[in-house]
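Residue numbers (the numbering used here): 213 to 308.
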């Protein structure tokens with residue numbers, strides 16, 4: 213079972229109004245500013261969940277919000293993403 217241990221959130225765009233990321237149990241609010249990023253640990257050293265990291269996404273009132281998350285996880289991934297034995301094996305990708 214995978215367990216999220218840390219989160220890296222980066223903003224790819226400025227937002228004219230709204231779109232903040234507030235942390236529910238702390239007096240911390242991240243503003244979406246292009247090129248900025250925040251990082252936090254989701255668990256304590258003993259592996260138990262840190263509820264203080266609970267956060268929300270405020271609605272964008274004016275503009276657009278582009279953001280991306282990188283989740284660092286701990287867990288067995290042995291059989292979830294298998295690679296083909298032959299690198300010439302055709303792969304099917306869906307492009308939108």
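Beta carbons are placed, not taken as given, at the ideal position from N, Cα and C, and that holds for glycine.
Note that this is a predicted model, so its numbers are computed, not measured.
The residues 235, 236 and 237, in chain order, have a CB closer than 8 Å to that of residue 266 in the same chain once the five nearest residues on each side in sequence are set aside. Excluding sequence positions up to five before and after residue 220, its CB lies within less than 6 Å of the CB of 251 and 282, all in the same chain and listed in chain order. When C-alpha distances from residue 215 are compared across 239, 253 and 242, the shortest belongs to 253. Relative to residue 286, the option among 249, 255 and 232 whose CA is nearest is 255.
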